[in-house]
Every structure is written in C-alpha cells, then in structure tokens.
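Enquirer: Residue numbers (the numbering used here), protein chains in the order written: chain A, 1 to 84; chain B, 1001 to 1084; chain C, 2001 to 2149; chain D, 3001 to 3149. Just so it is clear, CB atoms sit at the ideal spot from N, CA and C, and this is done for glycine as well. Keep in mind that this is a model prediction, so the values were computed, not measured.
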C-alpha cells in the first residue's frame, strides 16, 4: 500500500467536490486508481465517466493513464488544458 | 516622344549621381529606356549593368521591365528592396 | 528566458524592451498576447483562470527550454495570468527575440501551441446566464502535432 | 488598418493597445518589431533607411489590404521608419489583431514577407570601415513565394 496526494482541477475538482485528498491505495497505475475511486463513490464515477478526456500528471509532470504509480507521491487528474 | 519623370534609388541613384531627372524618349518599355540611357553615358551603363537585379515601378506601382510605357508619367528604377 | 505565472497584469512594451537590452544582435522580436474575448455576444461577465501551482512554472519552463533548443533565440518571455479577468483583459503573452524573423516567428508559434495543450491552465466563463468551463479544441491538438518530427 | 511611414520612433505597447480598444472580440494580437542589428561584430555605426515617398504608403496599404482580405482581422498596424537609425533602434513593426491566434500569426508573417520584398525601402550600413548597401536575400523571395496560391 502506498500513500498518494491526489489533486483535482477544473470540472473534475467541481464534480468530486474537493481540490485534493490523501489516498491510500495499492493501485498499480492511474487507470487502476481511477477505477478504484469510481467504484467507491458516485461523484468519482461522474467525474471520471469519460476517461478519453481526462488527463493526468504524476509528480507535476504530464503522464498517461497507464503509467505506473511506483514511487509517485503527487497525482493530479484534470480535463484537457485550456490556457493561452 | 513622351516626357517622363525618372527616379533612382539606393545604389542605382548613387551610380547615376542624381535622384531624378526629366527624360524625353520614345522608348516603348522600361527595358528600352534602360538600353537608351546605358548607350548614352557610362554611369547609366554601370548602374544598369546587371539587369537581373534591377526592379522598376511605373507610376508608383511595382512593374516589370517589359511593361509598356504608354501613358506612364513617373518611372522609378532601383535595386531589390531591403526594408523590414 | 523568463517565465512568470502571476495574478497581476503585464506591460507588453516593457517586456519586449527587456529582450533587446544589452544586445546589438537582435534583429527581430515576435510577441503574442491573448485576451479575454466575449464569444457570447455580450453575455460574458468575467473569465476565471485556474492553474496548478507548482506544475505550471515548470511546464512553461520546459516548453520554453524546448523552443530555445529548436531555434536560435537571444531571449524569450512567457507570462501567464490566473484568477478573475474581465472581458478585454490580457490573459498571457509570449515574446521571442532572435537575429532573424523566421526563428522568432516559429518559436513564438511553437510556444503558443504547446502552452495551449501542455500548460495546466483551465478557463471558466462566468456568463449572465451561468458559468461554464471552456472546452478544449481539437484544433489546438492539431496545431501542436505539426511540430512533431 | 493603420499604415505610417515616419522618421520618429514608435511605441509598440501603445500601438498594440490601440488595436484592442473598443472591442470585446479580439482574442489574439501578434506583433513583430525589426531592429537595427550589428552583423559586423561591432563595426556598425548606423543604418540609413532610404525610401520612395509617395509609393511607400500605398505599397504598404496594398499589402495590408491583401492581408485583411485573406484573414479574419479585427485590425492591423504597419509602421516603418526612414532616415538614420542607430544600432538597436526599432526600424519597423507590424501588429495584427484577430479573434483567433492562427489568423493573427499568419497575417503578421504574410505582412512581413511581402513588406520585405514589395515595399520600397533600402538599407545602407555605415561602418567604421566605410558604407555598404544591404543586399537583398534569396530567402526573402522564397518566404514571399509560400503565400502564392
């Protein structure tokens, strides 16, 4: 089991209702983590219902859903960026 | 015979030695005019020796060496532009 | 190379002037500013810019470093604001200085294309009729893809 | 659409700000400034810009009109100086305002490419070792040709 700081932004944050939380998990990838959270509560399932549009960063670097969580401390999950 | 105001710029002006002059000619095109001037004096021949790099404007609009002078009043002959 | 993420407005003229101080070899500076635009025909009250503090600066710095590697630049500046912005306000800017205009133009476009898709900012429009998150555009992904080798 | 040919310097920030006054629909402003660059490693004393009064304004206006026809622009500005300029001084600028960055970038590059080859300006470098006319570059003709249909 590992301890992760999980951050949410934009409408992912709004649907889940909190900007960040500590999660203890043994999910191997971000996908696994998202599946675990979605099974846990409706608000996660709602936030993550369209996995095709969700982006992730591991330790503040853009990553992919299938990237391993081994050694990671901070996971962020958010919609595609719209800056500029 | 027609009366033309002929203007020179940059190193064309420097080689000919004057910025403009009135010329009475029956040259049909800018090429003809340049040939006529080049035959007249060495400084013109020097200025126009490399016709491939000379550009022209007829009545303040970029034109070509073979454009007719019919109706033209102001002819300008100059090197390729280097603004910007 | 200057990267700033800030709530405050910026002064384009000042930032561009900074890029040409102490040098005689800059022949071209290209700059871009993005502004809060009302796409609703008068319904927009404000734009809210959310970002991911910590990741933002390093994402912008990475994009800027990549541009500096690809093009011959004498300097570059990227500034992006966050928080509440009114219609017509400046959101962000990039500026690139080079000996030649081709490097400056291409690097500025590259910075914009990558910043749009890779920098963690999200826009929310506050309208008279409610609020909505701005949707990302397929055209922004396409614009980025043209830089791939 | 603003076109000016002048001996005096200009203020980029001011000119860009003018393009975004009285409008809520401009999302992007791209600008370019060209500066006197020393390519001789310290030998350059000054740059002299000669132009063809009468033709210059109308050539720039024609280029600007073509850009306005090809892209969706909310406004554009072209300013070019003439006379004696010192190393590091601003020579000219273009700025383009649009709803979208693609139009603003492309129009600005188009304006620069055409201005380089079609606007009647000539640069002469005054060096410690003498004076020389700047030679036109094949790359400038090539840059223009990419816009031909």
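Contact defined as beta carbons within less than 8 Å: I believe residue 3072 of chain D pairs with residue 3099 of chain D. What is the distance between those atoms, to the nearest angstrom?
Expert: Contact holds; Cβ gap of about 7 Å.
Enquirer: Specify the secondary structure class of residue 3156 of chain D as computed by DSSP and reduced to three states.
Expert: The displayed coordinates of chain D run from 3001 to 3149. Any statement about residue 3156 of chain D would go beyond what the structure contains.
Enquirer: Any idea which residues DSSP pairs residue 2020 of chain C with across the strands?
Expert: Answer is none; residue 2020 of chain C lacks a bridge partner.
Enquirer: Take residue 1005 of chain B as the anchor and find which of B/1073, B/1047, B/1045, B/1038 has the nearest alpha-carbon.
Expert: That would be B/1073, whose Cα lies nearest to the Cα of residue 1005 of chain B.
Enquirer: What residues from chain A crowd round residue 2134 of chain C, counting only those whose CB sits closer than 8 Å?
Expert: Here the neighbours are 82.
Enquirer: Look up residue 74 of chain A in the DSSP assignment and say whether it is helix, strand or coil.
Expert: Three-state result, residue 74 of chain A: strand.
Enquirer: Any idea if residue 3085 of chain D is buried or exposed, counting beta-carbon neighbours within 10 angstroms, 16 or more meaning buried?
Expert: With 16 or more other Cβ atoms within 10 Å, it is buried.
Enquirer: Can you tell me whether residue 3149 of chain D is buried or exposed? The criterion is at least 16 other CB atoms within 10 Å of its CB, across all chains shown.
Expert: Its Cβ having fewer than 16 others within 10 Å, residue 3149 of chain D is exposed.
Enquirer: My guess is that residue 2037 of chain C and residue 3025 of chain D are in contact by the Cβ rule of under 8 Å, so how many angstroms apart are they, rounded?
Expert: Between residue 3025 of chain D and residue 2037 of chain C the Cβ distance is about 6 Å, and since that is below 8 Å, they are a contact.
Enquirer: Less than 8 Å between CB atoms is the rule here; does residue 1960 of chain C satisfy it with respect to chain D?
Expert: Nothing in the structure corresponds to residue 1960 of chain C, since chain C is present only between 2001 and 2149.
Enquirer: Just the Cα atoms here: how many angstroms apart are residue 3043 of chain D and residue 3131 of chain D?
Expert: About 11 Å.
Enquirer: Consider the Cβ of residue 2121 of chain C: report whether some Cβ of chain A lies at a distance smaller than 8 Å.
Expert: Taking Cβ atoms only, chain A reaches closer than 8 Å to residue 2121 of chain C, which makes this a yes.
Enquirer: How many angstroms separate the CA atom of residue 31 of chain A from the CA atom of residue 2126 of chain C?
Expert: Rounded to whole angstroms, residue 31 of chain A to residue 2126 of chain C spans 32 Å at the Cα level.
Enquirer: Could you tell me which whole beta strand (DSSP E) segments of length 3 or greater appear in the segment 2 to 40 of chain A?
Expert: Taking only runs of at least 3 residues, the beta strand (DSSP E) segments lying wholly in the segment 2 to 40 of chain A are 2 to 8, 20 to 25.
Enquirer: Might you give, ordered along the chain, the residues of its own chain that have their beta carbon closer than 7 Å to the beta carbon of residue 1015 of chain B, omitting 5 neighbours on each side?
Expert: Here the set comprises 1043, 1046, 1047.
Enquirer: Kindly indicate if chain B contains any beta-carbon less than 8 Å away from that of residue 3115 of chain D.
Expert: Chain B, which has a Cβ nearer than 8 Å to the Cβ of residue 3115 of chain D, makes this yes.
Enquirer: Got a sec: is the Cβ-Cβ distance from residue 2096 of chain C to anything in chain D below 8 Å?
Expert: Answer no: the Cβ-Cβ gap between residue 2096 of chain C and chain D never drops below 8 Å.
Enquirer: So for residue 1082 of chain B, helix, strand or coil by DSSP?
Expert: Coil, per DSSP.
Enquirer: From this set, C/2060, C/2088, C/2135, which residue's C-alpha is nearest residue 2113 of chain C's C-alpha?
Expert: Closest option to residue 2113 of chain C, Cα to Cα, is C/2060.
Enquirer: For residue 3001 of chain D, report the span of its beta strand (DSSP E) as first-last.
Expert: That residue, residue 3001 of chain D, is in no beta strand (DSSP E); it is neither H nor E in DSSP.
Enquirer: Does DSSP classify residue 3110 of chain D as helix, strand or coil?
Expert: It is helical.
Enquirer: Go ahead and label residue 1010 of chain B buried or exposed: buried means 16 or more other beta carbons lie within 10 angstroms of its beta carbon, across all protein chains shown.
Expert: Classification of residue 1010 of chain B: buried, given that the 10 Å Cβ count is 16 or more.
Enquirer: Starting from the C-beta of residue 13 of chain A, find all residues in its chain whose C-beta is less than 7 Å away, skip the five residues before and the five after it, and write them out in chain order.
Expert: So the qualifying residues of the chain are 19.
Enquirer: Is residue 3184 of chain D buried or exposed, if buried means 16 or more other CB atoms sit within 10 Å of its CB?
Expert: Residue 3184 of chain D lies beyond the stretch modelled for chain D, which goes from 3001 to 3149, so this question has no answer here.
Enquirer: How is residue 3151 of chain D classed by DSSP in three states: helix, strand or coil?
Expert: Since the first residue shown for chain D is 3001 and the last is 3149, residue 3151 of chain D is missing from the structure and cannot be characterised.
Enquirer: Against residue 3054 of chain D, what residues of chain B qualify as contacts under a CB-to-CB distance less than 7 Å, listed in chain order?
Expert: The contacting residues are 1060.
Enquirer: Tell me whether the beta-carbon of residue 3091 of chain D lies closer than 8 Å to the beta-carbon of residue 3035 of chain D.
Expert: Yes, the pair counts as a contact, with Cβ atoms nearer than the cut-off.
Enquirer: Inspect the beta-carbon positions of residue 3012 of chain D and residue 3093 of chain D and report whether they are closer than 8 Å.
Expert: Yes, Cβ-Cβ distance for residue 3012 of chain D and residue 3093 of chain D is below 8 Å.
Enquirer: What residue from D/3047, D/3107, D/3097, D/3045 has the CA that sits closest to residue 3070 of chain D's CA?
Expert: When each option's Cα is compared against that of residue 3070 of chain D, the closest is D/3107.
Enquirer: Given a cut-off of 8 Å on the beta-carbon distance, is the pair residue 3121 of chain D and residue 3147 of chain D in contact?
Expert: Cβ atoms of residue 3121 of chain D and residue 3147 of chain D: not closer than 8 Å.
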